[in-house]
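Protein chains: 4
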Amino acid sequence: MHAANIAAHPRAALAMVYDIHAPSAGEVGDAHGVKVADSPETVFSSGDVDAVLIATATPTHADYIEAAVAAGKPVLCEKPIDLSLARVNACAEKVADKGVPVQIGFNRRFDPGHRAARDAVVAGEIGELHQVIITSRDPGMPPRAYYEEAGGLFRDMVIHDFDLARFMLGEEPTQVFAVGGRLIDPALMDELDDYDTSMVIVRTASGKQCHINTSRTSTFGYDQRVELLGETGMVQSLNRKPTEVRKFGASAVERAEPYLEFFIERYREAFDAEVDAFVDALENGTPVQASFEDGRRALILAEAAMLSAREGRFVSVDEVK
Amino acid sequence: MHAANIAAHPRAALAMVYDIHAPSAGEVGDAHGVKVADSPETVFSSGDVDAVLIATATPTHADYIEAAVAAGKPVLCEKPIDLSLARVNACAEKVADKGVPVQIGFNRRFDPGHRAARDAVVAGEIGELHQVIITSRDPGMPPRAYYEEAGGLFRDMVIHDFDLARFMLGEEPTQVFAVGGRLIDPALMDELDDYDTSMVIVRTASGKQCHINTSRTSTFGYDQRVELLGETGMVQSLNRKPTEVRKFGASAVERAEPYLEFFIERYREAFDAEVDAFVDALENGTPVQASFEDGRRALILAEAAMLSAREGRFVSVDEVK
Amino acid sequence: MHAANIAAHPRAALAMVYDIHAPSAGEVGDAHGVKVADSPETVFSSGDVDAVLIATATPTHADYIEAAVAAGKPVLCEKPIDLSLARVNACAEKVADKGVPVQIGFNRRFDPGHRAARDAVVAGEIGELHQVIITSRDPGMPPRAYYEEAGGLFRDMVIHDFDLARFMLGEEPTQVFAVGGRLIDPALMDELDDYDTSMVIVRTASGKQCHINTSRTSTFGYDQRVELLGETGMVQSLNRKPTEVRKFGASAVERAEPYLEFFIERYREAFDAEVDAFVDALENGTPVQASFEDGRRALILAEAAMLSAREGRFVSVDEVK
Amino acid sequence: MHAANIAAHPRAALAMVYDIHAPSAGEVGDAHGVKVADSPETVFSSGDVDAVLIATATPTHADYIEAAVAAGKPVLCEKPIDLSLARVNACAEKVADKGVPVQIGFNRRFDPGHRAARDAVVAGEIGELHQVIITSRDPGMPPRAYYEEAGGLFRDMVIHDFDLARFMLGEEPTQVFAVGGRLIDPALMDELDDYDTSMVIVRTASGKQCHINTSRTSTFGYDQRVELLGETGMVQSLNRKPTEVRKFGASAVERAEPYLEFFIERYREAFDAEVDAFVDALENGTPVQASFEDGRRALILAEAAMLSAREGRFVSVDEVK
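Chains A, B, C and D, in that order, give the protein sequences. According to my numbering, the first sequence is numbered sequentially starting from 89. According to my numbering, the second sequence is numbered sequentially starting from 89. According to my numbering, the third sequence is numbered sequentially starting from 89. According to my numbering, the fourth sequence is numbered sequentially starting from 89.
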């Protein structure tokens with residue numbers, strides 16, 4: 089998906105591709121008529137490459153970020169940076185102060201709807217922000233193999249919402265409370281010691297409140313909503329439908345098709361805007377809009393949530409930093 | 089329904105009831121603890137009666153209006169005044185200049201939504217009004233006996249929409265085009281020489297355009313909508329649902345319950361407001377808001393529509409006046 | 089309001105009224121043409137009174153419930169039963185096993201929309217219930233005097249939502265986490281040691297999750313929503329608008345009027361249904377639908393929330409029982 | 089726009105471009121790295137060209153269609169074929185029976201929403217179709233020069249809706265009634281003997297009814313809606329918004345951004361689907377989905393509407409064929 093996005097993007101060009109599974113790389117390279125690198129190093133050292141997009145398995149992210157930054161190549165890396173906060177902190181030290189932009193793939197910040205909602209707050213349209221409610225439900229349970237690598241619900245899925253929470257709140261969360269549930273597939277979740285359903289409350293130093301509810305299954309499409317309550321009004325960024333068709337009959341009215349199924353469809357514009365923002369940062373030397381530090385902060389919140397879910401208490405972000 | 093409405097209305101009291109079918113009158117009288125008159129004359133001559141509401145069979149309306157006005161009793165009469173324009177014109181002569189208020193039961197003018205839509209136009213919220221679109225679909229076909237008395241689709245059902253069109257347009261229609269269809273029960277409509285489906289276009293002297301579409305059947309509830317397009321915006325008054333419940337599942341999202349079924353539920357507030365306005369007129373001597381002349385004008389438009397549907401041409405309102 | 093509701097209700101009649109402020113009682117008595125009692129005891133001992141509705145100041149509720157039950161009069165009492173759980177428990181002992189119905193005024197259970205949402209769950213329309221999200225925001229801050237009597241945000245306002253949570257969950261919450269905020273009027277809230285904004289998470293023994301967000305101010309009308317997520321679908325009961333008018337212009341489309349302002353308008357049908365259900369219980373000897381125990385349970389949850397907000401931890405309901 | 093669409097389309101490639109204004113062609117050719125033809129003939133005779141898309145000035149359409157077909161090149165041509173029905177009929181004779189596909193650019197048929205609405209009818213979801221209501225309002229008045237070439241409201245703008253009407257009705261209209269208005273810029277419309285606002289009623293042989301309302305100005309975005317009423321239900325294809333953001337404040341709730349501004353945004357997917365369908369026809373030899381005959385039929389309806397608006401009568405389609 090990322091290769092196709094870059095190839096089709098008006099401000100970017102696909103230079104080469106690499107994949108640990110060589111046939112996959114070959115297919116993508118052929119499809120877009122670009123060179124297939126035989127190793128990551130080939131990519132990092134190539135003069136034809138202005139920047140790299142890392143969408144490999146999570147355990148490789150930090151290594152590749154370090155290698156790319158060492159080679160002076162700006163990076164757009166999929167979240168999470170790593171499942172280990174210690175590894176992320178070590179990586180942070182290596183990439184800091186190198187002047188090489190690193191952007192993390194928190195696509196939801198770039199969604200035109202979510203962005204417009206945040207813009208309305210910044211523009212003062214709802215006065216001081218009081219409450220943020222984020223709904224984040226995937227259309228269905230991923231295959232078992234996925235869970236085994238993903239690092240658990242909070243670091244895999246809710247991490248997106250923690251980033252979105254920080255983006256919407258406009259200030260740093262200081263405390264996290266989380267409840268994890270095993271409601272969809274209790275046996276599997278017990279076995280993996282993971283959750284399929286969760287509720288979170290986050291609070292900032294100034295007292296702003298944020299709630300996140302998450303589920304691994306939403307039969308009616310990808311459920312991705314943000315609600316912002318302020319002293320003078322409210323803004324919502326709601327789900328998107330494939331068309332604006334409405335049906336009316338004896339049993340129901342105003343029936344619409346299920347929501348756009350998953351992130352590729354739902355956040356299509358967001359992926360383009362993400363690349364756009366990355367190109368902006370490279371061309372103008374402006375800061376990236378979802379930085380390495382944003383990636384680190386979201387992981388800290390996920391860690392805090394895991395601790396909170398385990399211990400049943402409001403966890404201070406400082407405890408896990 | 090009307091007796092119960094008046095009995096429950098905070099500004100009106102039910103004094104007595106009359107019905108040609110004595111047992112019905114008896115039942116209603118008992119239910120509300122009021123006297124049952126043995127003839128219409130008893131009502132018109134009673135000192136206990138300040139005003140009369142006429143909801144009898146259509147052919148009796150004009151006679152009763154004349155009798156009530158002669159007795160100095162203000163009248164709130166159900167539409168239509170009569171199926172014959174000649175009879176209406178004769179009645180008009182008798183009730184004119186008597187100083188006795190006569191209000192016609194065009195309840196839709198009093199619906200809070202339709203009223204707010206019209207108010208927005210009057211307040212200049214959409215600039216000069218250009219187009220009015222009225223959708224008016226009954227939930228189902230009435231029994232055969234009803235058709236035989238009703239005077240045809242245009243005089244029975246669309247007459248309400250003609251009144252609403254005049255109310256919304258804020259000026260007098262000068263030309264009418266109508267198409268009648270036999271789509272729901274062609275055999276019955278052929279036999280009765282009537283229509284179950286229609287489309288109308290009305291134009292005013294200043295060029296404003298109004299479309300009315302009508303059907304005797306709408307399986308999803310009573311379909312009652314008004315759309316007003318102006319030079320700077322648009323206002324819609326849409327259908328009403330019993331609750332704001334929405335359902336989401338694998339086959340559809342945002343499903344709502346069918347719309348309020350029929351006029352008693354849909355226009356409940358309108359019936360109250362209609363009585364309110366009538367009491368206002370009586371107490372303050374202000375003009376009624378749906379006058380005898382409004383009733384006559386709506387009938388003229390219905391007659392023009394019938395002529396148009398027959399002859400397939402734009403009929404001037406002057407032809408049938 | 090309650091006197092007028094009962095007077096207008098088709099299945100109830102107003103027999104007499106009492107108010108500690110005699111002129112108020114006089115006014116209401118005059119308005120409805122009923123006797124004004126000179127003391128609560130007169131009401132409880134009157135042969136004309138089949139049942140009593142208690143809508144007095146909170147500290148009098150428990151005493152009056154006890155007196156009414158002792159006199160064999162069924163009671164419909166406004167929430168909360170008392171601000172002290174000890175007092176409620178004492179009252180519970182006195183009214184238990186007397187066979188005299190006591191219904192608590194949790195009107196939201198009777199709202200047609202909320203009720204239809206719950207019915208959909210019971211009917212299996214969304215499979216097993218996983219998450220409940222309740223939004224509950226009052227249109228504006230009450231006067232200072234109100235706060236001083238109200239017992240704090242959780243016992244005054246969120247108690248309604250705790251009852252609704254129990255109603256929607258269909259099983260007993262076992263743990264409560266709450267955050268209180270001072271965002272609207274921090275100075276006043278500091279002074280009163282109260283909150284104007286809150287977020288709550290509740291969990292049941294089977295792992296169901298419920299979130300409640302509350303604010304003392306919602307500039308766009310009374311914000312009262314319930315969302316129920318199940319394994320196969322979702323149901324929402326959304327806010328109600330005065331009309332279905334929508335406005336469209338150069339700066340925005342589909343604009344609607346602010347939501348119904350407050351509980352008297354928003355829950356009008358609910359108040360009627362509440363009285364209806366009470367009459368049902370009296371006439372048929374069936375259990376009341378919002379019982380004394382429901383009132384006690386909601387207070388326990390409010391107490392647990394207060395403790396949680398103070399101590400920043402997931403509080404077990406057993407701790408405060 | 090068309091060149092960029094084809095260049096970006098996964099199933100098409102831009103081979104060369106021609107424009108009577110050479111610098112424009114040069115720019116587009118450079119942008120896409122393709123050859124710029126020095127004459128239309130170069131295009132028609134080129135072995136590199138599998139098919140041509142004609143988006144030149146209307147008076148050239150018929151000539152180019154004839155030339156392309158003579159050269160055996162399939163054609164996708166913008167509407168209208170020509171403003172003169174005689175010229176269209178002459179062209180029809182030349183291109184008939186040549187086995188060279190000619191598709192007309194009626195993009196609305198390919199809109200996913202409109203298409204899904206039609207599909208629902210075909211699938212029997214609303215039973216027998218009774219009424220079609222098409223709303224078609226451009227966001228603003230075009231420049232004066234545009235009007236002078238456009239051939240009048242009915243042949244320029246409503247022609248799209250006539251095609252959509254035929255597509256939705258699923259059978260041939262037999263009669264047309266139209267009213268033209270001069271409400272937005274009466275002076276200009278008088279001078280040009282044109283209309284800026286119209287209402288149309290179309291009827292088919294089986295009695296189906298279709299209403300089209302049109303305006304040259306809709307301040308709230310491009311207003312493009314279709315409503316289909318059938319014996320058992322209704323389907324609507326409604327306007328599209330840039331995002332699903334909703335705003336709530338003291339003066340209004342559920343405010344959304346204005347609708348997508350104009351055809352390039354609103355019908356973006358439709359343009360892609362149109363090219364897709366054209367490629368399908370070429371690759372599989374199946375009939376095109378908006379044929380030359382469809383273009384001719386829409387023009388006949390536009391002519392009938394012009395005659396109707398002039399003479400104030402229901403015009404039979406046979407009169408202008």
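Note that the Cβ used here is the ideal one computed from N, Cα and C, for glycine as well.
{"Asked": "Beta-carbon neighbours of D:Val341, restricted to chain C and to distances below 9 Å", "Found": "Phe308, Gly309, Asn327, Lys329, Arg343, Ala344, Glu345, Pro346, Tyr347"}
{"Asked": "N-terminal and C-terminal residue of the beta strand (DSSP E) that C:Ser224 is part of", "Found": "217–225"}
{"Asked": "Whether A:Leu276 touches A:Arg343 by CB criterion (8 Å)", "Found": "no"}
{"Asked": "Where C:Arg219 meets chain B, residues with beta-carbon distance less than 8 Å", "Found": "The displayed chain sequence assigns Gln, not Arg, to residue 219 of chain C. Within chain B, no residue comes near C:Gln219; the closest Cβ sits about 13 Å away, beyond 8 Å."}
{"Asked": "Cutoff 8 Å: B:His299 Cβ touching any chain D Cβ", "Found": "yes"}
{"Asked": "Best match in B:Glu181, B:Thr305, B:Cys179, B:Val137 for proximity to B:Lys161 [C-alpha to C-alpha]", "Found": "B:Val137"}
{"Asked": "Proximity test, Cβ basis, 8 Å: B:Lys335 and chain C", "Found": "yes"}
{"Asked": "Touch test, the segment 270–290 of chain D against the segment 169–176 of chain D, Cβ-Cβ under 8 Å, three pairs minimum", "Found": "no"}
{"Asked": "Contact list for D:Ala139 against chain A, beta-carbon separation under 7 Å", "Found": "In chain order: nothing, as chain A lies at least about 23 Å away."}
{"Asked": "Spatial distance of A:Ala110 from A:Leu164 (CA atoms)", "Found": "22 Å"}
{"Asked": "First and last residue of the uninterrupted beta strand (DSSP E) at D:Ser303", "Found": "297–303"}
{"Asked": "Assumed close pair C:Val41, C:Ile192 - CB separation to whole angstroms, cut-off 8 Å", "Found": "Nothing in the structure corresponds to residue 41 of chain C, since chain C is present only between 89 and 409."}
{"Asked": "Beta-bridge pairing of C:Phe359 - partner residues as DSSP gives them", "Found": "Answer by DSSP bridge pairing: none, since C:Phe359 is not bridged."}
{"Asked": "Contacting residues, own chain, Cβ-Cβ under 8 Å from A:Pro200 (five flanking each side not counted)", "Found": "Glu357, Ala358, Ala361"}
{"Asked": "Whole-Å CB distance - A:Val405 paired with A:Thr262, under 8 Å assumed", "Found": "5 Å"}
{"Asked": "Cut-off 7 Å between Cβ atoms - residues of its own chain near D:Glu349, not counting five sequence neighbours on either side", "Found": "Pro227, Gly309, Tyr310"}
{"Asked": "Residue environment, A:Lys186, which counts as buried when at least 16 other CB atoms sit within 10 Å", "Found": "exposed"}
{"Asked": "Environment of D:Val363 [buried if 16+ CB atoms lie within 10 Å]", "Found": "buried"}
{"Asked": "Buried or exposed (CB count within 10 angstroms, at least 16 for buried), C:Tyr347", "Found": "buried"}
{"Asked": "Whether C:Glu395 touches C:Arg243 by CB criterion (8 Å)", "Found": "For clarity, residue 395 of chain C is Leu in the given sequence; the question names Glu instead. Taking 8 Å as the Cβ cut-off, C:Leu395 and C:Arg243 do not qualify as a contacting pair."}
{"Asked": "Identity of the residues DSSP links to D:Cys165 by a beta bridge", "Found": "D:Ile142, D:Ile192"}
{"Asked": "Sequence-distant residues of the same chain with beta carbon closer than 8 Å to B:Val210, five excluded per side", "Found": "Gly258"}
{"Asked": "Cutoff 8 Å; reference D:Ala150; Cβ partners in own chain excluding five residues on either side", "Found": "Ile169, Asp170, Arg175, Val176, Ala178, Cys179"}
{"Asked": "As assigned by DSSP and simplified to three states, the class of B:Gly318", "Found": "strand"}
{"Asked": "C-beta atoms of D:Ser325 and D:Ala205 nearer than 8 Å", "Found": "yes"}
{"Asked": "Residues from the segment 190–208 of chain C in contact with chain B, defined by Cβ distance under 9 Å", "Found": "Asp199, Pro200, Gly201, His202, Arg203, Ala204, Ala205, Ala208"}
{"Asked": "Three-state secondary structure (DSSP) of A:Gly268", "Found": "strand"}
{"Asked": "Rounded straight-line distance, which links the Cα of D:Phe366 to that of B:Gly383", "Found": "56 Å"}
{"Asked": "Nearest candidate by alpha-carbon position, reference C:Ile214, set C:Ala100, C:Thr320, C:Gly135, C:Glu154", "Found": "C:Thr320"}
{"Asked": "Inter-residue spacing [alpha-carbon to alpha-carbon] between B:Asp368 and B:Arg401", "Found": "42 Å"}
{"Asked": "DSSP three-state assignment for B:Val290, whether helix, strand or coil", "Found": "strand"}
{"Asked": "Three-state class that DSSP yields for B:Thr112 in the structure shown", "Found": "Residue identity differs from the one stated: residue 112 of chain B is Ser in this sequence, not Thr. Note: B:Ser112 maps to helix in three-state DSSP."}
{"Asked": "Amino acids of chain D, ordered along the chain, whose beta-carbon sits closer than 9 Å to that of A:Thr320", "Found": "Gly337, Ala338"}
{"Asked": "For C:Met104, the three-state DSSP class (helix, strand or coil)", "Found": "strand"}
{"Asked": "Per-residue DSSP class, three states only, for D:Lys182", "Found": "helix"}
{"Asked": "One or two residues paired with A:Phe336 in a DSSP bridge", "Found": "D:Met322"}
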